[in-house]
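Residue numbers (the numbering used here), protein chains in the order written: chain R, 1 to 854; chain H, 855 to 1406. By construction, the Cβ of each residue, glycine as well, lies at the ideal position given by its N, Cα and C atoms. If you're wondering where the values come from, they're calculated on a predicted model, not measured in any experiment.
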């Protein structure tokens, strides 16, 4: 019963009024939550207790009064106080019956809301099933972000699961290592060597194929290892972080040894590294707030300027120490940020890294003492772990406002047949609260470790979750259409979904007849995004050869897209047609390689600019990072594509294909077929609103120099002609607001059946386009035979049959006309004199003339 | 003819009357027919004789052509130009054929004047018939027509060189009707600014935002002008022509600036003695005469007569909106009432809001029916226009000024031309300053030629309404200038080539080159006109048109 109500509620919210302003919902939710807690208390406590609690102040007053006057007790001694207490108690009891009724009512509605409704109120979710890494004798879980592997070592073996692409059913691979403690473990980037940190002094290396092993120890007693990572920097393969600094080592498998290439002497308290950014940050100083950084990209090693992080002081003399868990590196839109939690100020400071500077970028408020950060599809997720909510930020523009209100992480797709939680999950399928019985699914459990960028590891249950954005919910939560569209257009991970949402939103906005300016802004967003994607897409021309070798096995879509390009419109952007076609193919399997190569190309150009121009101020460090990471990037994007499609079991094939779209950009053609055409069918009455919207679209497209398909023009003509706004129509045509094309001309001729001026416009357009044959046919149809013939002579059109003219001339019963036509063909068409037509019509002409003479 | 007496009135050989054939059919009530007569001081007997003759001719010609009675009568010393404005409401203009060379009229142009007077009257006051039905005594219509036509005929300022249109005919004391010197102008057409695609889209976008921003449930309309040229319209062609004509004369920056100095708030009262008082000493007489006909409380009535054609009554407010007190003021306030006009096509009454930014004039028409609380609602609409459109207005103005080639932008050196697109009622001509450089002979020849083409056109219209005739006439004027007329499929081109070579071939080539250059018709002309039969008649016009087929 409860379930059905809940689902209805859920459905209503998504289908019904999607533009309910967010704040209202937020309040509703927090209120509900609060009430639940209160209710439970009320049920467990006695009435008397509640009365005492409620009237504590009065009771205290009375008590105090009596106590002060004892022992001289007399009647009406503390009457005033007594009356107050009595009054309070009576009121409480009286109100109770009433309140109980209320609360029971509230509770019923509450249950439905809280159990499933509030479950739907979420913008981020994790999808069941998780990746289970249960191995007998496991000695903990490790995450190797260089290879995106979840590693579980046992006494003599190492099990590793690929997390990219995320597949919960992936089988682990195992490698054997020797017995011993494992402090940290990472595979080399070619996955051949396993490095295992045995102690703070020693690292052991195992060759995964040959089983050979060798060790490396740090020599001086004074220093100890903090950690290590593999790198693809050309200088070295392996970086060891020690308390005394960094050691860059080259690994030589043949000689089973590591050569020290370079050392950076530094005092290091702790360090942070992500392979994604190739950036290692080393903390030093008393408060650990002084940082040095190195970026070890394939372009070389870049040393960042030393910088200090800001920390608020709780008291004048206190010196808080920055802990390793308070700092994290986030890669968003290819830029590298460092996020630092300031527990005293309750702020999350962000710093952006440039090649020669670190610039503080402002701070975000936090509401929990424990904070975790994830990045999903370039959206920054700040988990307020204590409050069990997550806040989303889209750090693209300068705005630091969250995308949406704090809402919990949703646990989605919990199967009914799950034995461990049959009772509650059967009842409620989509609820964080309902999973309390399931130890596996405690949201923000104590053992949750947040892995870079978008994974959650439940260490105690040995589960790995992938975080997903619920784009639908996010877009439904805001009524600011342009900003929602902007947000959706930036989403690469679920591009197809984002695209569908964008189209639906645009359609709705038009159908709701929002002010033209609002719709214009929304359209601007879409068109600009499309133009942007064209520009980046056009990069791929130069490096096609490299791309094909690079993308190797994944390029299923390429021949397809080629066909698209050839069938597509006459490209204005010769280089971009391909991209366009990829955007067009909605549920075609699209070539993933295209996307990779796009990023490749960007990277390559950026590398070049870095190399040739190493001293450019404020050169983006991220550029370097990306350039170095092309290979990994491809794999990561691969994971992004396959991730969502693989996680749920019930995803259909078509959905899987759709999710491979690389960009949510919407081409003008799609704009037509998914927005204007459907809207035109639904919109009733005066079409001037729709015409206004189309004009805005044309304006937007022309300012971005994007070619618009004739079908939109045709639609506009239909709209205007249907409402007999011929004057406007001719203004549109004459000013070329509707660009000339054969389709447009034909539509004008069609609409011109009602209005001869419009027909003339169509004819003129045919002539301007040099569509001689069509033009002449139309002239003949209209009875302008001689003009048609003159035109034929001038432009040497020979495709129109003479008989057409002759028949028409004969039908006019004008012998002069017939004579003129005959003469024309005799003079200008070679061989006409010998045709039967010629003879027939000469005879007819003679008869006509003789008839006149008689 | 009995008309010679008409001339004795002492006015400049022109008479203009409006009368209703349905009225005054009884003996002795003939005066009832007259709705308007100029000059007003002409004795009634003379007025009646003019109208009587006209009526007789109309009745007679109707026997042969019931749908279109006579259009013009050429007498020895006068031309009578007829125009049936509304069923049985006739406008007749009698012009003297004087020995003076200047007084050579083209009938088509005169008829266009009559037509324009009536169209504008309709726009501001509704139809004559309607008003007569409302108030059968005729006092009201007379009280409206008289100041209106007089305002139309009167002119206080010199005509500027850019002045395309044909109204304001009273220059000094002399009524200036469109003469042969105006043969390269076309009344009742719209002059358009040629804009590039990008600018055109911006303009359209502005127009749509304007209309949608008004928040009305019924459709609004808009007209956008740059300088004195039309850029965009969403009105029907008829309404566009009327409003355009009015805007160019009274609302555009040039029209406004010419009147700024004489504008005074002291003159805000609509006192009847201001009726064209400057030029007509006889006004008071005529007023009295008209009031004699009108049994209605004349004084009150005339106080309420709006005179939208009055000069110098529009001014620009600080917020950019143009205001006038012609429509009176809101009760108990100083805010001038918003003007209202009637649309020809829909018959709707609309508020007229004009907004001006630099050279850009935006005219927004909002249906009266969609604004419930009168002036308050209008000011709300204005506020919304400012909010929504001001940014776009800025952008459009900038774009258009960038592409604006100045007053002589459409001058094509070596040519004096007039291009008319009959389908769209659009014309484009050489700048008037350039036309004045032409010799009188050329202009006379052109005027004659146009007369011929007009005739041919109207003949063709009766032959086959939907089939345009092609026609090309090249003549050589006395001064050896080539005067050319071409019509093709609804488009007309008139051209004078004074410095042309001797041969016709040269002239033909020149026309071809021209067709390629002028953007209004541009390519379409070039192709469409190519190879048309050419007939040359040196020094004289052959009135007969040669069917194009003959030379094929």
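What residue does the alpha helix (DSSP H) around residue i start on, and which one ends it?
| i | result |
| --- | --- |
| residue 260 (chain R) | Premise fails: residue 260 (chain R) lies in the beta strand (DSSP E), 257-265, not in any alpha helix (DSSP H). |
| residue 1065 (chain H) | 1051-1067 |
| residue 1005 (chain H) | 993-1007 |
| residue 397 (chain R) | Note, residue 397 (chain R): premise wrong, no alpha helix (DSSP H); not H, not E. |
| residue 869 (chain H) | Where residue 869 (chain H) is concerned, there is no enclosing alpha helix (DSSP H), although the beta strand (DSSP E) it sits in stretches over 868-874. |
Quick one: residues in its chain with C-beta nearer than 7 Å to the C-beta of residue i, no 5 flanking neighbours on either side, listed in chain order?
| i | result |
| --- | --- |
| residue 882 (chain R) | No information on residue 882 (chain R) is available, as it lies outside the stretch 1 to 854 that chain R covers here. |
| residue 664 (chain R) | 488, 489, 491, 495, 498, 499, 502 |
| residue 459 (chain R) | 141, 447, 449 |
| residue 386 (chain R) | 368, 369, 370 |
| residue 485 (chain R) | 502, 505, 522, 525, 526 |
Could you have a look at residue i and say whether DSSP puts it in helix, strand or coil?
| i | result |
| --- | --- |
| residue 771 (chain R) | coil |
| residue 1091 (chain H) | helix |
| residue 838 (chain R) | helix |
| residue 1349 (chain H) | strand |
| residue 668 (chain R) | helix |
| residue 166 (chain R) | coil |
| residue 65 (chain R) | helix |
| residue 1145 (chain H) | The predicted position of residue 1145 (chain H) is uncertain, since its pLDDT is 44 and thus under 50; no value can be drawn from it. |
| residue 662 (chain R) | coil |
| residue 1046 (chain H) | strand |
| residue 849 (chain R) | helix |
| residue 505 (chain R) | helix |
| residue 897 (chain H) | coil |
| residue 961 (chain H) | helix |
| residue 530 (chain R) | helix |
| residue 1203 (chain H) | strand |
| residue 790 (chain R) | helix |
| residue 88 (chain R) | helix |
Sorted by chain position, which residues of the same chain lie with C-beta nearer than 6 Å to residue i's C-beta, five sequence neighbours on each side aside?
| i | result |
| --- | --- |
| residue 855 (chain R) | What the structure shows of chain R is the stretch from 1 to 854, and residue 855 (chain R) is not part of that stretch, so it cannot be assessed. |
| residue 1103 (chain H) | 1109 |
| residue 1076 (chain H) | 1061, 1064, 1065, 1088, 1218 |
Could you check where the beta strand (DSSP E) with residue i kicks off and where it finishes?
| i | result |
| --- | --- |
| residue 1221 (chain H) | 1214-1221 |
| residue 1175 (chain H) | 1175-1178 |
| residue 290 (chain R) | 290-297 |
| residue 684 (chain R) | Element bounds for residue 684 (chain R): n/a, residue is neither H nor E. |
In its own chain, which residues sit with a C-beta less than 8 Å from the C-beta of residue i, not counting the 5 before and 5 after it?
| i | result |
| --- | --- |
| residue 1254 (chain H) | 1047, 1049, 1053, 1057, 1080, 1085, 1213, 1214 |
### Task
With 8 Å as the C-beta to C-beta threshold (strictly closer), list the residues of the region 688-713 of chain R near chain H in chain order.
For the region 688-713 of chain R, which is checked against every Cβ of chain H, the residues closer than 8 Å are 688, 689, 691, 692, 695, 696, 698, 699, 702, 703.
### Message
Report the start-end ranges of each beta strand (DSSP E) in the region 338-381 of chain R that is 3 residues or longer and not cut off at the edges.
### Response
Secondary structure within the region 338-381 of chain R: the beta strand (DSSP E) runs of 3 or more consecutive residues, fully enclosed, are 347-353, 358-365, 371-376 (chain order).
### Selection of the region 512-526 of chain R by Cβ proximity to chain H, strictly under 8 Å
Cβ contacts with chain H come from 515, 516, 517, 520.
### chain R contacts made by the region 1239-1257 of chain H, where a contact means CB separation under 8 Å
The region 1239-1257 of chain H vs chain R, Cβ under 8 Å: 1242.
### Message
Against chain H, which members of the region 731-756 of chain R pass a CB distance test of less than 7 Å?
### Response
Within the region 731-756 of chain R, the qualifying residues are 731, 735, 736, 737, 756.
### Message
To be precise: take each residue of the region 1268-1289 of chain H, compare its Cβ to all Cβ atoms of chain R, and keep it if any distance is under 8 Å. Which residues remain?
### Response
Cβ contacts with chain R: 1277, 1278.
### Short-range partners of chain H found in the region 794-814 of chain R, where Cβ spacing is below 9 Å
Here the close residues are 794, 795, 814.
### Task
Give the residues from the region 1051-1068 of chain H that approach chain R closer than 9 Å (Cβ to any Cβ), ordered along the chain.
Under the 9 Å Cβ criterion, the region 1051-1068 of chain H contributes 1051, 1052, 1053, 1054, 1055, 1056, 1057, 1058, 1059, 1061, 1062, 1063, 1065, 1066, 1067.
### Residues, ordered as in the chain, of the region 1332-1344 of chain H that lie near chain R by beta-carbon distance below 7 Å
So the list reads 1343, 1344, given in the order they occur along the chain.
### Near-chain R residues of the region 1085-1104 of chain H (beta-carbon distance less than 8 Å), N- to C-terminal order
Flagged, chain order: 1086, 1087, 1088, 1089, 1090, 1091, 1094.
### Message
If the cut-off is 7 Å on Cβ atoms, which residues from the region 465-483 of chain R count as contacting chain H, listed in chain order?
### Response
If the cut-off is 7 Å between Cβ atoms, the region 465-483 of chain R has nothing near chain H.
#### Entry: Secondary structure, beta strand (DSSP E): runs of 3+ residues fully inside the region 186-273 of chain R
Counting only runs of 3 or more, we get 193-197, 202-207, 213-217, 225-230, 238-242, 245-252, 257-265.
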